[in-house]
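Using my numbering, the first residue of the sequence shown is number 2, and each one after it goes up by one. Backbone N, C-alpha and C fix where the C-beta goes; we use that ideal spot for every residue, glycine too. See structure below.
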Amino acid sequence: MATPSTFPLALLTVPFHYATDFTELADNCERFTEVIVECDDPAHKMALCGRLSACLGLLQSTLQEPVPDAIKASLTVDHFPTRSPVFEAESDQLCRYCQLLTQLLMSGLLASSQQRVMGDLLSTLVGFFADTLKMPRWLRTDDGVVALDVFL
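What follows is the structure, given as structure tokens:
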């Protein structure tokens, strides 16, 4: 990773605007969050969060639009993909996420529209967390019980 004193500052000048394609906006969002997580400087972190928020706002406005022809080629493959994006978090990490979202909702610091979005996120995350905890972990076979993680 680049040094914290130079890399975040360079990210603050990354250009994007309403005509930036959604794949580039998504890449920018990833870069911002990667640095935000590692950043110890509150001013840099706040500036990066502002850039992330602006980029997410532009990205959100593109989500219901058809994929532009210029981007279709980069999203077209010759063979079925061997993997697809998956949200993989450990159960203790999921529990911390749910706790933090719950505390944020209880704080009363959010506007009602933000509370609604945060509540939706919490509901989705808790549902995923519960499904993760309750999913089968072993398979009964003719040879005995086998841990399912052997197959994953």
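What would DSSP say about VAL38, mapped onto helix, strand or coil? In the structure shown, VAL38 sits in a helix (DSSP, three-state: H, G or I).
Hey, is THR103's beta-carbon within less than 8 Å of any beta-carbon in chain D? Looking for chain D here will not work: only one protein chain is present.
Check whether the Cβ atoms of LEU49 and LEU105 sit closer than 8 Å, and answer yes or no. Contact flag unset, no.
Distance between ASP22 and ASN29 (C-alpha atoms, nearest Å): Roughly 11 Å between the two C-alpha positions.
In the DSSP assignment, find the alpha helix (DSSP H) that holds VAL146 and state where it starts and stops. Here VAL146 belongs to no alpha helix (DSSP H); instead the beta strand (DSSP E) covers 145-148.
Since THR14 sits in a beta bridge, which residues does DSSP pair it with? DSSP output for THR14 lists no bridge partner at all.
Helix, strand or coil, according to DSSP, for ARG141 in the structure here? Collapsing the DSSP output to three states places ARG141 in a strand.
Taking the C-alpha atoms as reference points, what is the distance between SER92 and LEU134? Approximately 7 Å between the Cα atoms of the pair.
Taking only three categories from DSSP, how would you classify TYR19? Correct three-state label for TYR19: coil.
Proximity to PRO1 [Cα-Cα], best of MET136, ALA20 and ASP150: As shown, the chain starts at 2 and ends at 153. That puts residue 1 outside it, with no answer to give.
Coarse secondary structure for LEU110, derived from DSSP in three states: Of the three classes helix, strand and coil, the one that applies to LEU110 here is coil, per DSSP.
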